[in-house]
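Q: The numbering used here applies: residue 201 is where the sequence shown begins, and numbers increase by one. Cβ atoms here follow ideal geometry from the backbone N, Cα and C, with glycine treated the same way. Since we're looking at a predicted model, the values are computed, not measured.
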Amino acid sequence: MYYAGFDVGGTKCAVCLGQELPTGMDILARRQFATGRDKHPYSILEEFADTFVRMIEEKNIPKQEIAGIGISCGGPLDTKAGVIHRPPNLPLWDNIPIVSYFEEKFGIPVHLQNDANACAIAEWKYGAGQGHQNVLFFTFGTGLGAGLILNGKLYEGACGMAGEAGHIRLAKAGPMGYFKEGSFEGFCSGGGIANLGRIYVKEEQSQGKHPLLLQKAGDDPQNITAKLIGDLADEGDGLCRRIYEKSGEMLGAGLSVMIDILNPDVIVIGSIYARSTHLLEPSMRRVLEQEALPQSLEHCRIVPAKLLDNVGDYAALSVATGSF
Numbered sequence: 201m202y203y204a205g206f207d208v209g210g211t212k213c214a215v216c217l218g219q220e221l222p223t224g225m226d227i228l229a230r231r232q233f234a235t236g237r238d239k240h241p242y243s244i245l246e247e248f249a250d251t252f253v254r255m256i257e258e259k260n261i262p263k264q265e266i267a268g269i270g271i272s273c274g275g276p277l278d279t280k281a282g283v284i285h286r287p288p289n290l291p292l293w294d295n296i297p298i299v300s301y302f303e304e305k306f307g308i309p310v311h312l313q314n315d316a317n318a319c320a321i322a323e324w325k326y327g328a329g330q331g332h333q334n335v336l337f338f339t340f341g342t343g344l345g346a347g348l349i350l351n352g353k354l355y356e357g358a359c360g361m362a363g364e365a366g367h368i369r370l371a372k373a374g375p376m377g378y379f380k381e382g383s384f385e386g387f388c389s390g391g392g393i394a395n396l397g398r399i400y401v402k403e404e405q406s407q408g409k410h411p412l413l414l415q416k417a418g419d420d421p422q423n424i425t426a427k428l429i430g431d432l433a434d435e436g437d438g439l440c441r442r443i444y445e446k447s448g449e450m451l452g453a454g455l456s457v458m459i460d461i462l463n464p465d466v467i468v469i470g471s472i473y474a475r476s477t478h479l480l481e482p483s484m485r486r487v488l489e490q491e492a493l494p495q496s497l498e499h500c501r502i503v504p505a506k507l508l509d510n511v512g513d514y515a516a517l518s519v520a521t522g523s524f
């Protein structure tokens, strides 16, 4: 069967075509284009439609052979109604009925999911969670979101808000994330690690020190990023290694709660964790062994995401199948 995936992002959008085979999803083609913050949402929907039509024509795939279209987009959104409700990275996209728009245009079943849920489905069907019935996926990228596969099905909760793990408070004070100091996202995201770096730099400065991290940031704390901290940590900088160690500790604290409550088979973590497992895992494991129930922790594997740079394509195509 053939499927199409539409990945809606704040800076870029992508259309991909895939064919589901017994061995998995084979990506046949991919095109991307700039979102443009000032573009009207419906002009972007037209660009999706035009790109999709060109791609199936180039591949000689009749429209009626496309079994479904999957849309992956940051929330908030209403998956049942198929409506996007003004995500932070898409401020003009307020109450956009994206599912009905494409269903009416193409006569093809269309499914919508937030990006964390879509990635969870992808890693469960085609990636590191394959073959398991209880899989938790954590984004650990710009922010921290989770997708929950429980008893072989996507769990969305009573009003579609399940998986907002980044909002959990792990400490009374700490970096800001998801509008809350000391939150899971505040410690375990790209923005959170950067903020943690600024806090540590300020402490160093109060002791009369001029840390390498600040020097490499051009003496401007706003230039501090998670990548810069990670690069310096890999080079052996003690301060930067401590920053990642702290993030790993809080990752362990957050995951221990999820393990105790949900008893998963596998936890899959993407983006920064997948790139920097060696910096985060030791302190994460130490806290998990202190905090999580031993039986549940022993059963659960914690692994980096497998799909990595292709996860957005697989995510949208996974949603297109409608089997979750």
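Any idea what DSSP makes of residue 278, helix, strand or coil?
A: It is a strand residue.
Q: If you compare alpha carbons, which of 354, 339 and 309 is closest to residue 333?
A: 354
Q: Hey, residue 287 and residue 270: beta-carbon distance below 9 Å or not?
A: Not a contact, by the Cβ cut-off of 9 Å.
Q: Going by C-alpha to C-alpha distance, which of 266, 207 and 262 sits closest to residue 244?
A: 207
Q: Label residue 458 either buried or exposed according to how many other C-beta atoms from any shown protein chain fall within 10 Å of its C-beta, with 16 as the threshold for buried.
A: buried
Q: In angstroms with no decimal places, state the Cα-to-Cα distance between residue 341 and residue 479.
A: 15 Å
Q: Taking C-beta to C-beta, are residue 172 and residue 351 nearer than 9 Å?
A: As shown, the chain starts at 201 and ends at 524. That puts residue 172 outside it, with no answer to give.
Q: Just the C-alpha distance for residue 392 and residue 385, rounded to the nearest angstrom, thanks.
A: The alpha-carbon atoms of residue 392 and residue 385 are separated by roughly 6 Å.
Q: Buried or exposed for residue 359, going by 16 or more other Cβ atoms inside 10 Å?
A: exposed
Q: Cα-Cα, which of 349, 407, 413 and 450 is closest to residue 383?
A: The closest CA to that of residue 383, considering only 349, 407, 413 and 450, is found on 450.
Q: Can you tell me where the beta strand (DSSP E) with residue 261 in it begins and where it stops?
A: For residue 261, there is no enclosing beta strand (DSSP E), as DSSP marks it with neither H nor E.
Q: Is the number of C-beta pairs between the region 244 to 263 and the region 479 to 498 that are closer than 8 Å three or more?
A: no
Q: Mapping the DSSP letters down to three states, classify residue 510 as helix, strand or coil.
A: The answer is helix: DSSP assigns residue 510 an H, G or I state.
Q: Sort 217, 482 and 240 by Cα distance to residue 232 and report the nearest one.
A: 217
Q: Would a C-beta distance cut-off of 9 Å place residue 511 and residue 319 closer than the cut-off?
A: yes
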